[in-house]
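Scroll down for the structure; my scribbles are underneath it.
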Amino acid sequence: MVARDIGAGFKPMASQCDHDDATKSYGSDRAQLVYGKRPDGTFAHIAEVQRGLACGCVCPACGGQLVARLKADRQVPHFAHHGGEACGGGPETVLHLLAKEAFRSNPTMALPERLGLDSRRVVSKPSLEVKTEFLRLEYNDPKTIIPDLYVRALGYDLFIEVAVTHFADDAKIQRLREHKIPAVEIDLSKLPRDALRNAITEAVLKTARRRWLFHPGIDAARAKQDADEIGWQQERDRRHAAAAARHQSRVEETAAAYRQALAKLAGRDIALPRQAELQAVGLAEYVGRDVAGFACFSEPPAVWQSIILAEVFHDRCLGNAACKSVPIANHLEKRRLIQKPFLRVSSEVADEINVIEARFASPWKAVDNYLKYLLGEGVLVQQGYEVACHHVRQSMERQDAG
Ligand SMILES: [Zn+2]
């Protein structure tokens, strides 16, 4: 906000330059001017002055001489610029100056709510009505901070900015922060430019929207929030690292278990379940395939593969002629044929195990590999996403009948 000293003496005539500047800044403002500036710097309402030039007032924005137009002139009472075009800046300047004037009588004002710290916790401190003590208008310091007002409240110094069209920008807020004096900005942009003194006072002290430009308590609370955020981030990172370590050891332990399982199964004597039945229908030759992942099972391939052919495809123990690899693997798990280290290996873990132990595949994948082998041999036929083995059933039924 351009600072205007309310106490400065008025200029006898506005220069053309001042007039142009004021028109440029406030040209869009069509409110009527209802306050003029008296020679002593105070404001006169249009109802308090004599008609015409006898009002003795100047424009608070450009300093140009004013004439009072009253009801007798068949107009809504207002001040007009004498012998020239209105600069347009008067109403806004009046609003700004009267808002500042409101603080001269040490009034009670509403402070906006803000963040703060309470026992090292970030809390929201509610809006507060406080008694103010007027210090001065326009505080100046070497760092070129020029607030509109300087008061004391709650025993502390407080800057007050009254914004009508120009709001504090980041640079200004940064200067206030360096100065470390709490500052509030009161937003009068919604107030009519020709509002009366009482309405302006009510708005500036209580009802108008307001915000903290700077408060050390807000900065402390934000610093705490940032520190908390960093703490949470570190905790998250620590948990992710721990989860990654657990994941890695699962991968390594499962790979090692698989190598042991391969060694254990090698050269074991086996008794095949339902061997005679499978032999009779010519399927005995399709069991005993060392498909990838076969060492996940507690018995050699010929055993669990015989069980798949006999129980799943002949007995239809899963309820249907057609089946998929995962339900079959679950059946084998129920039959306690899958070794514990290989139960519920996620595909992500399985992929990583494959990097260090290429022979590994998870149990359902081993079953799938076996089904693919049977499909290739014409023992199974594809039915959509499932496979079926009519051959086994029909042959075995013939066997049973014979
Ligand atoms: Zn003017």
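Heads up: the sequence shown is residues -4 to 397, going by our numbering.
A virtual CB, placed ideally from N, CA and C, is assigned to each residue, including glycine.
N- and C-terminal bounds of the beta strand (DSSP E) containing residue i
{"i": "Val118", "result": "Arg116 to Lys120"}
{"i": "Leu338", "result": "Careful: Leu338 lies outside any beta strand (DSSP E) and carries neither H nor E."}
{"i": "Glu248", "result": "Segment Pro211 to Leu260 is the alpha helix (DSSP H) holding Glu248; no beta strand (DSSP E) there."}
{"i": "Leu106", "result": "Thr103 to Leu106"}
{"i": "Thr127", "result": "Leu123 to Leu132"}
{"i": "Arg109", "result": "Arg109 to Asp113"}
{"i": "His326", "result": "His326 -> not in any beta strand (DSSP E); alpha helix (DSSP H) instead, spanning Ser320 to Lys329."}
{"i": "Ile155", "result": "Tyr151 to Ala158"}
{"i": "Gln377", "result": "Val376 to Gln378"}
CB contact flag (residue i, residue j, <8 Å)
{"i": "Val157", "j": "His210", "result": "no"}
{"i": "Lys95", "j": "Asp152", "result": "no"}
{"i": "Ile155", "j": "Phe98", "result": "yes"}
{"i": "Gly288", "j": "Ala361", "result": "yes"}
{"i": "Glu248", "j": "Pro336", "result": "yes"}
{"i": "Glu180", "j": "Arg206", "result": "yes"}
{"i": "Leu304", "j": "Leu267", "result": "no"}
{"i": "Ala26", "j": "Arg170", "result": "no"}
{"i": "Gly58", "j": "His77", "result": "no"}
{"i": "Thr103", "j": "Glu87", "result": "no"}
{"i": "Leu186", "j": "Ile176", "result": "no"}
{"i": "Ala383", "j": "Ala316", "result": "yes"}
{"i": "Ser301", "j": "Val321", "result": "no"}
{"i": "Leu93", "j": "Phe38", "result": "yes"}
{"i": "Val89", "j": "Tyr30", "result": "yes"}
{"i": "Leu183", "j": "Ala198", "result": "yes"}
{"i": "Gln334", "j": "Phe292", "result": "yes"}
{"i": "Leu260", "j": "Arg354", "result": "no"}
{"i": "Cys52", "j": "Arg69", "result": "no"}
{"i": "Ile351", "j": "Ala271", "result": "no"}
{"i": "Tyr368", "j": "Val307", "result": "no"}
{"i": "Val344", "j": "Arg245", "result": "yes"}
Cβ-heavy atom distance, residue i to ligand 1, below 7 Å
{"i": "Cys82", "result": "yes"}
{"i": "Cys54", "result": "yes"}
{"i": "Cys50", "result": "no"}
{"i": "His91", "result": "no"}
{"i": "Gly36", "result": "no"}
{"i": "His76", "result": "yes"}
{"i": "Gly226", "result": "no"}
{"i": "Gly85", "result": "yes"}
{"i": "Gly59", "result": "yes"}
Integer Cβ distance of residue i from residue j, believed to fall under 8 Å
{"i": "Ala324", "j": "Pro358", "result": "5 Å"}
{"i": "Arg109", "j": "Ile213", "result": "5 Å"}
{"i": "Glu381", "j": "Lys329", "result": "Their Cβ separation, rounded to whole angstroms, is 19 Å, which puts Glu381 and Lys329 out of contact at 8 Å."}
{"i": "Val44", "j": "Ala63", "result": "5 Å"}
{"i": "Val117", "j": "Gln220", "result": "6 Å"}
For residue i, the first and last residue of its enclosing alpha helix (DSSP H)
{"i": "Tyr368", "result": "Pro358 to Gly371"}
{"i": "Lys419", "result": "Given that the chain is displayed from residue -4 to residue 397, the structure contains no residue 419 and the question cannot be resolved."}
{"i": "Ala147", "result": "The sequence given here places Arg at residue 147; Ala does not occur at that position. Where Arg147 is concerned, there is no enclosing alpha helix (DSSP H), although the beta strand (DSSP E) it sits in stretches over Leu144 to Ala148."}
{"i": "Gln270", "result": "Gln270 to Ala275"}
{"i": "Arg170", "result": "Asp165 to His174"}
{"i": "His91", "result": "Gly85 to Glu96"}
{"i": "Arg192", "result": "Arg192 to Glu197"}
heavy atom of ligand 3 below 7 Å from residue i C-beta
{"i": "Gly150", "result": "This structure simply doesn't include ligand 3; it includes ligand 1 instead."}
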